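*Asks:* Pasting in a structure now, in structure tokens, and then I'll have a few things to ask.
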Amino acid sequence: MSAPARSLAYWQDELYIAGDFNLSSIPGVAFIARFNGNEWVGVGGGMDGPVRGLKAYPDGLYAAGWFNNAGNTPAEGLARWDGEQWHSVHDLPLLDDYPINMVNDVAIINDRIYIGGNFSGTPQDSIYSIAQWDGTTWNNLDHGFVGGLTQILKLEVHDSLLYIAGAFADTGQYGHPLNPASGIIAWDGEDWVELGSGTDGANIPWVTDMAWHNDTLYVCGDFNRIGGVEAGGLARWDGQQWCALLPSPPGAYGISCLTFFNDTLHLGGGLVYMGSDSVNRVAKWIGGNHVEECEEPVGIPQQVDNEVPGITLYPNPATVELNVLHQGRPLPSGLLRITDTIGRSVAERPLTGSAVPLGPLAEGVYHAQVTTEQGRSLGSVVFVIAY
139 MSAPARSLAY WQDELYIAGD FNLSSIPGVA FIARFNGNEW VGVGGGMDGP VRGLKAYPDG
199 LYAAGWFNNA GNTPAEGLAR WDGEQWHSVH DLPLLDDYPI NMVNDVAIIN DRIYIGGNFS
259 GTPQDSIYSI AQWDGTTWNN LDHGFVGGLT QILKLEVHDS LLYIAGAFAD TGQYGHPLNP
319 ASGIIAWDGE DWVELGSGTD GANIPWVTDM AWHNDTLYVC GDFNRIGGVE AGGLARWDGQ
379 QWCALLPSPP GAYGISCLTF FNDTLHLGGG LVYMGSDSVN RVAKWIGGNH VEECEEPVGI
439 PQQVDNEVPG ITLYPNPATV ELNVLHQGRP LPSGLLRITD TIGRSVAERP LTGSAVPLGP
499 LAEGVYHAQV TTEQGRSLGS VVFVIAY
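Numbering (our numbering), first residue to last: 139 to 525.
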């Protein structure tokens, strides 16, 4: 493969891979391929341009990219594969004066389809960097994202919020005051939801990738600060605060992608070193609970069952035990699941109405998820153990 792969997805028990590659040695493998259990094969004739993002949904595999056609179907940067053929998605039009839509990612939430990329509108449609299908037409999301070099790179859905990451800023040479944040922001369907104070540091500090793991969001990219703390292009958001995982960028080109495998965070990009260790483009995080620095907690609304208020933990910081309150009262039953800062499960404690013992957990920052006996989430809270 002589060009980069950009995205992977599983759909109907098969692995799909897409990117900038065009394999003439395999019929039909043009910018996208699937593994059928024995070999790589084409997907409906492929595309006529690069594919940047794949997302699997019940009605098909969605492909976002820089193409005009999917197979023999006009698609303008967004297509849906049903297992037999490609379909256009609600006749997405050209979104600026360039002859190809440059769409980087797609996400679906509450029957709305969102796409993000590098497009700046036409005289007929002022759609800037992000668009939504509202069931009737394609239109802008609020004011969109504007400014020189601006583009949306990644879209993710978590707890009924759409998380948007990319190269955008609300200040600076390439920023614009109409933008709602810098580097990363969430959308609840009607309003913007800030994640701290966003990114800072470069001409246009951007977030290139993000991944959720056990209710913690991990991001990487080209930024020196996030949430007001020094960060070397790698940080996590626990719902209340940003914490930096690295003090300085790991090499000239930094971290461009990340993912989790077996509860371990893996990183990719132009990595040259991690701390004092030399690496060759790929690394895995072995830092456990270590963080360099965290901002003061700011928080965003925890998306839980609307009929049950959130959870309170005390004392926080805790030492040897922790009290769990629901509606201001001790929980007589349920389960407390404790994970560390990289999402690994470190303890589970049954709730009986009494204080929960914490031993033998080490000092550090933890995430507590509280559920009923039936498995329904009641809320999650970050707490600290300090002896």
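Yeah, the Cβ is synthetic: ideal placement off N, Cα and C, and Gly gets one too. Note that this is a predicted model, so its numbers are computed, not measured.
What is the C-beta distance between GLY327 and ASN248, in whole angstroms, given that I count them as a contact (C-beta under 8 Å)?
*Replies:* That belief holds up - the Cβ atoms of GLY327 and ASN248 are roughly 6 Å apart, short of 8 Å.
*Asks:* Looking at the strands, I want to know which residues DSSP matches up with ARG467.
*Replies:* In the DSSP output, where bridge partners are listed per residue, ARG467 has HIS464.
*Asks:* How long is the line joining the alpha carbons of ILE449 and ALA456, rounded to whole angstroms?
*Replies:* Near 16 Å, if we compare the C-alpha coordinates of ALA456 and ILE449.
*Asks:* Restricting to runs no shorter than 3 residues, where is the beta strand (DSSP E) found entirely within the region 337–371?
*Replies:* Correct list: 344–351 and 354–360.
*Asks:* Figure out for me which residue from PRO453, ALA485, GLY513 and ALA493 has the closest Cα to the Cα of GLY472.
*Replies:* Ranking the options by Cα distance to GLY472, first place goes to GLY513.
*Asks:* Taking PRO318 as the reference, give the member of GLY310, PHE306, TYR312 and GLN289 with the closest Cα.
*Replies:* Of the listed residues, the one whose Cα sits closest to PRO318 is PHE306.
*Asks:* Applying the criterion that 16 or more other CB atoms from any shown protein chain within 10 Å of the CB defines a buried residue, is TYR452 buried or exposed?
*Replies:* By the neighbour-count rule (16 or more Cβ atoms within 10 Å), TYR452 is not buried but exposed.
*Asks:* For the beta strand (DSSP E) that contains ARG482, what are its first and last residues?
*Replies:* Neither: ARG482 is in no beta strand (DSSP E) and is coded neither H nor E.
*Asks:* Could you tell me the boundaries of the beta strand (DSSP E) in which LEU293 lies?
*Replies:* That run of the beta strand (DSSP E) goes 289–296.
*Asks:* Within 10 angstroms of its Cβ, does LEU146 collect 16 or more other Cβ (buried), or is it exposed?
*Replies:* The residue in question, LEU146, is exposed, as its Cβ has fewer than 16 Cβ neighbours within 10 Å.
*Asks:* Kindly indicate which residue of ASN461, THR477 and ALA269 has the alpha-carbon position closest to the one of ALA504.
*Replies:* Inspection of the sequence shows that residue 504 is occupied by Tyr rather than by Ala. Here the closest residue by C-alpha is THR477.
*Asks:* Can you tell me whether DSSP reads GLU529 as helix, strand or coil?
*Replies:* A question about residue 529 goes unanswered here, because the residues of the chain that appear run from 139 up to 525.
*Asks:* Closer than 8 Å, CB to CB, is LEU153 near chain D or not?
*Replies:* Within the model displayed, chain D is absent; a lone protein chain is all it includes.
*Asks:* Please state the DSSP three-state secondary structure of PHE283.
*Replies:* In the structure shown, PHE283 sits in coil (DSSP, three-state: anything other than H, G, I, E or B).
*Asks:* Count the C-beta pairs between the region 251–258 and the region 307–315 that are closer than 8 Å, then say yes if the count reaches three, no if not.
*Replies:* No: fewer than three Cβ pairs fall under 8 Å.
*Asks:* What's the C-alpha gap between THR509 and LEU489?
*Replies:* Their backbone Cα atoms lie some 10 Å apart in a straight line.
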